[in-house]
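Chemist: Read in order, the letters of the sequence shown are residues 1 to 1007 in full-length UniProt numbering. Take a look at the following structure, please.
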Amino acid sequence: MEILDKSKTVQIMNSTAQHSTAQHSTAQHSTAQHSTAQHSTAQLTNLISKLKEIFQINQPDLDFGIYRILNSRSKEIADYLDRTLPAQIKNALRSDVTQETAVYNHLYEFFSRYYDSGDFVSLRRYKGNTYAIPYAGEEVMLHWANKDQYYTKSGENFSNYAFYLADDKRVQFRLVEADTNKDNRKDNEQKRLFVLSEQPIVETAENLVIPFEYKALGKNDKQADYIDQAVEQLKSHPFANAVWQELFRLAPTEKDAKRTLLKKYLQDYTTKNTADYFIHKNLGAFLTGELDFYIKNEVMNLDDIQTETAFAEIEQNLQLIKIFKQVAQEIIAFLAQLEDFQKKLWLKKKFVTAVHYLVTLDKLPDTLAETALKNEQQIKQWQTLFNVDASGENLQNLRQKAPHLVVDTSLFAADFQAAVLKQIDDLDHQTDGVLIHSDNFQALNLLQARYKEQVKCIYIDPPYNTGEDDFLYKDNYQSSSWLSMFECRLALSKTYLNSEGFLVCHMDEHEHLSLEWLIKQIFNNGDMGKLIWDKRNPKGDAKGIATQHEYVHFATKNISNLDDECAFVRNKFNAENMLRKAELLIKKYGVSEQSKSEFKKWIRENNELSGGERAYNQIDENGDVYRAVSMAWPNKKKAPDEYFIPLIHPKTKKPCPVPARGWRNPPKTMNELLEKNLILFGDDETTIPNRKYLLKENLTENVPSLYYMAGSDDELFNNLGIQFENPKPIKAAQYFISTTARNYNSTILDYFAGSGTTAHAVINLNREDGGKRHYILVEQGEYFDTVLKPRIQKVIFAENYKDGKPQADNSGSFNGVSQLVKVLKLESYEDTLNNLELKKVATDLFSPKVQQDYLLHYMLDVESRDSLLNSDHFAKPFDYQLNITTTSAGAYAPQGIDLVETFNYLIGLKVAHIDDNRARSIVAVTGTMPNGEQAFILWRDCEKVGYAELNRYLESRSINPADSEYQVVYINGDHNVPTVFADSDDVVRTLKVRQIETEFLARMFEM
């Protein structure tokens, strides 16, 4: 029997054990690798899902706005995210699964930080949940979460959202209750969702109104679930019969084969109102800076550098950082392309889609007035608005009875408006008001070249952001949404103010502090502070102090620019009445002791007079009303010696006493006052003389910091026969406008126009004092045509109304005013998106690297070029059309665009004359450019007006280098118009001719 060596036995046992351990270790390693790979795949799936959400291609059911554009290229974007991006990471890391997972995790974490429901929110992270605020060393700064973003939401789709079915029946989603946290507005633990209301559905033969509430619910609740619930509830409702079955027909998608038409519109409605609130002003730069910050604070472990044994881990970490940064930069480039493209669309100057005029009858010649009398629609409108039956009426009788009937050119064929404009010279100067139906940012953006530094008063009443439905905001970002909305518009409108112009802005307690800091930031040393308007009506639902006041904030470009003539003053309320009373007494008694005594008594007993007005209680020998004011030096510091020279009494010829601290004015001023007889002496030299202030020379006073006015304009609107909730009181508007636009030729701008109170106030002021103030109003609300415009028409025709009917005074006059008002409608941001079409570029011949570069950097700009502005269509400019939204649900139809009017605003032309002769395929416009150059703009149908016809027409207008009165000429289409002329003395003259298409393109996308 062989005896084994113990040492060999041990070796065999160790060998067996090692083999067994190795096998077990291999199995464990394999299992770990498999687990890591699974984890990596899960992280990649999460990342791709998040990126598809960020790139907005995860909702193929949405077919509007930017979703429609991106869904049209979803295959290319998805291919990049699903294939190209993971392959790059795998190849770079040589299939190191652990490193791959780390990269996926970091990419997911980084991009998730800043994205929230369609928006990138500029929350700069320091580390973890700690934020860093960019600070440049200011003493005090105002910062908010969306500070570097444009607010793009329209509140129109929020309260009312309507669409038409195939049989022209109208369906409307109406918000009946905005269920928000009104007290502290701390809704961070909840999110608001649209929920079918328990209020009754209103059904008529042609209209169906379905009520919804916007409720604060749990953070984990999903809008999609409430949409499904609403559809099921509505299916069982009595209205869901044959009449409204169209709502429940299938409108399937690849993702949802059973989707109904009702569900489609509910998806659109909720998405439009809960996502895509902002466009970042420079997303690429922001994310690039944040990426470096993230790497330094979240990826790079600087503590390991102090440990010599950690070099391998450091090298590995650097490789991870390199790949993470490279891939993140590619994604940032793609996102920046998308965001910059949306910014380009937002900032694009918008087309004028329609223009018409309101002109009073007295401004029309008989031929055009007779045409108006034959228009049945116009006759009907006169009856509805003014209770005037003009059918069969003789023109001359009508002119005498109702000279200020308002003719609405939108009710006529285009040639009527062309004829109206042709007979008006200096058109812009003759235009009293401009009413613009548009988002206010877009209107301000288009009109800035025309009205830069020409506005005397910006008078606005923006939404107060009360938490109700006055302002649509992103959940958890109520104040920052409001600040982003208002900051862009306020900064843009500042350019409209002339050097002595004023901003007047109403606000209540919700945002007045934010507004105050915003004004300080934008107007710098132009902030003039705020006035408190005591409305004398405490809020009855207050849980603390019952607020009964609002704030009115004031600013100007630079306070130092204000001289005495444009100082911030108001008319003394009763000054005119006081002068009139003195005049009547003097007419009755002459300048006598009786008239003086009667005047003092009237002043003393008149309770309507202020303390300052009561001081004007004397009449001098010239019949002037005056007051006596001390001329003593007002400061504690002793006056210079020359301020102590005594005045000589005119009768006794002896020196009068000097005030203890000296005179208020230097000797030169005192001598001037003596010459003007503006110093009051006593009976003898024993009395200190006073300064004489004449009321007729001091009809104004400084505006105090308090304004008292109670009541509302509900009665006014009832008398006008117009329904509108919470209108701004006309009395308050007239007070503030008269205070800040004292020049009778001032221009007043209101870009939160509401019901049109500002225009009403301006018309009333002009009616009172014969002024020629102009007004520009911007309003996007659907009530533009049903409230604002009819209100302006009514107050033009008559001063007073009762029960919707105009009231004549004792002489039979309605006290109307002669007016020419321009009414514009502009393309909306949504219209721009609706007209966007991407024309795919063949990239098959590109290398994979070039294809990727094109996708990440150039695709949207290149493929959308022709749909934004197709200059080829300028050959037939009067036929240019766009798809224009017709309902709040986004339905659209082709509509003609007014290129002529759009171009006038793009170049800032002050229009003198428009000769619209489309029958001859020509429209000619003359006017003055912002630089003072006289301009001639010619639009033609190039197919009908060729080279020869063009040259003959220009020659008939004496437009040539030899003797043209114009410094610049714009012409559309190709031409051979001569631009140089040399006379017999070899004097060379040139005519500056520019192509409209080139100028149009440059101006429209100018930022």
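For every residue, glycine included, the Cβ atom is placed at its ideal position computed from N, Cα and C.
Quick one: is the Cβ of K805 within less than 6 Å of any heavy atom of the ligand NAD?
Modeler: The ligand NAD is not part of this structure, which contains no ligands at all.
Chemist: Are the CB atoms of L411 and Q377 nearer to each other than 7 Å?
Modeler: Yes, they are a contact pair.
Chemist: Taking the Cβ atom as the reference point for each residue, do K557 and T495 lie within a distance shorter than 7 Å?
Modeler: It is not a contact, given that the beta carbons lie outside the stated cut-off.
Chemist: Whose CA, out of L262, D366, N241, lies closest to the CA of L250?
Modeler: Checking every option, the nearest Cα to that of L250 belongs to L262.
Chemist: Tell whether a beta-carbon distance below 7 Å holds between V993 and V969.
Modeler: Their beta carbons are under 7 Å apart, which means V993 touches V969 by this criterion.
Chemist: In terms of residues, what are the limits of the alpha helix (DSSP H) holding K825?
Modeler: Where K825 is concerned, there is no enclosing alpha helix (DSSP H), although the beta strand (DSSP E) it sits in stretches over 820-826.
Chemist: Pick from K731, Y214, Y707, G611: whose alpha carbon is nearest that of residue 1009?
Modeler: Any question about residue 1009 goes unanswered here, given that the chain covers just 1 to 1007.
Chemist: Can you tell me whether K663 is helix, strand or coil according to DSSP?
Modeler: According to the sequence displayed, residue 663 carries Trp and not Lys. Residue state, collapsed to three classes: strand.
Chemist: I need the straight-line Cα distance from M528 to I48, nearest angstrom please.
Modeler: Each residue's alpha carbon lies about 53 Å from the other.
Chemist: Take I323 and list the residues in its own chain whose beta-carbon comes closer than 7 Å to its own, dropping the five residues that flank it on each side.
Modeler: I89, A92, L93, V103, listed in sequence order.
Chemist: Starting from the N-terminal side, write out each stretch of the alpha helix (DSSP H) that is 4 residues or longer and does not extend beyond the stretch 200-273.
Modeler: Qualifying alpha helix (DSSP H) stretches, in chain order: 223-235.
Chemist: Counting C-beta neighbours from all protein chains within 10 Å, is the total for G973 16 or more, i.e. buried, or is it exposed?
Modeler: With 16 or more Cβ atoms within 10 Å of its Cβ, G973 is classed as buried.
Chemist: For E370, which residues of its own chain have a beta-carbon under 8 Å away from its beta-carbon, when the five flanking residues on both sides are left out?
Modeler: Cβ within range, chain order: L395.
Chemist: Within 10 Å of its beta-carbon, does I545 have 16 or more other beta-carbons around it, so buried, or fewer, so exposed?
Modeler: Exposed, since its Cβ has fewer than 16 Cβ neighbours within 10 Å.
Chemist: Taking E779 as the reference, give the member of Y115, R791, G756 with the closest Cα.
Modeler: That would be G756, whose Cα lies nearest to the Cα of E779.
Chemist: Hey, how far is the Cα of S30 from the Cα of T98?
Modeler: Per-residue confidence for S30 stands at a pLDDT of 49, beneath the threshold of 50, marking its modelled position as unreliable; the derived number appears in the next sentence. If you take the alpha carbons of S30 and T98, they lie about 14 Å apart.
Chemist: Helix, strand or coil, according to DSSP, for D785 in the structure here?
Modeler: DSSP places D785 in coil when its eight states are reduced to three.
Chemist: Mind checking whether V359 and L824 have CB atoms under 7 Å apart?
Modeler: Result no, Cβ atoms of V359 and L824 do not sit closer than 7 Å.
Chemist: In its own chain, which residues sit with a C-beta less than 8 Å from the C-beta of E621, not counting the 5 before and 5 after it?
Modeler: The answer, listed in chain order, is V591.
Chemist: Starting from the C-beta of I424, find all residues in its chain whose C-beta is less than 6 Å away, skip the five residues before and the five after it, and write them out in chain order.
Modeler: The answer, listed in chain order, is Q430.
Chemist: According to DSSP, what are the bridge partners of I458?
Modeler: Its beta-bridge partners are L503, L749.
Chemist: So, at 7 Å on beta carbons, what are the nonlocal neighbours of N743 in its own chain, with the 5 sequence-adjacent residues on each side left out?
Modeler: Answer for N743: K456, listed in chain order.
Chemist: Taking all protein chains shown into account, decide if E1006 is buried (16 or more other Cβ within 10 angstroms of its Cβ) or exposed.
Modeler: E1006 is exposed by the Cβ-count criterion.
Chemist: Taking only three categories from DSSP, how would you classify T990?
Modeler: In the structure shown, T990 sits in a strand (DSSP, three-state: E or B).
Chemist: Measure from the alpha carbon of I776 to the alpha carbon of each residue in V434, K344, G218, G927, then state which is nearest.
Modeler: For the residues V434, K344, G218, G927, the minimum Cα distance to I776 belongs to V434.
Chemist: Which residues does DSSP list as the beta-bridge partners of residue 1035?
Modeler: Residue 1035 cannot be examined here, being either before or after the span of the chain that is shown, 1 to 1007.
Chemist: Inspect the beta-carbon positions of Y829 and W346 and report whether they are closer than 7 Å.
Modeler: Result yes, Cβ atoms of Y829 and W346 sit closer than 7 Å.
Chemist: Below 8 Å on the Cβ atoms is my guess for N440 versus R489; work out the distance and round it to an integer in Å.
Modeler: Confirmed, about 6 Å.
Chemist: Residue ranges of each alpha helix (DSSP H) run of no fewer than 4 residues wholly in the stretch 610-677, ordered along the chain?
Modeler: Here the runs fully enclosed are 611-614, 667-675.
Chemist: Can you find the residues in the same chain that come closer than 7 Å, C-beta to C-beta, to K728, ignoring five residues on each side of it along the sequence?
Modeler: Result list for K728: D461, G754, T757, in chain order.
Chemist: Kindly provide the ranges of any alpha helix (DSSP H) runs that are 4 or more residues long and lie completely inside the stretch 834-878, ordered along the chain.
Modeler: Runs found: 848-857, 859-863, 865-868.
Chemist: Quick one: any contact between the stretch 478-489 and the stretch 141-153, if contact means 3 or more CB pairs under 8 Å?
Modeler: Touching, per the Cβ criterion.
Chemist: Taking only runs of the alpha helix (DSSP H) that begin and end inside the stretch 380-415, which ones reach a length of at least 4 residues, in chain order?
Modeler: Those alpha helix (DSSP H) runs which fall completely within the stretch 380-415 and span 4+ residues are 395-401.
Chemist: Do Y801 and L695 come within 7 Å of each other at the CB atom, strictly closer than that value?
Modeler: Not in contact: L695 and Y801 (Cβ atoms no closer than 7 Å).
Chemist: In angstroms with no decimal places, state the Cα-to-Cα distance between L909 and D898.
Modeler: Rounded to the nearest angstrom, the two C-alpha atoms are 15 Å apart.
Chemist: Spatial neighbours of G526 within its chain, please: CB distance less than 7 Å, with the 5 preceding and 5 following residues excluded, ordered by chain position.
Modeler: Taken in chain order, the residues that qualify are A555, T556, K557, N558, I559.
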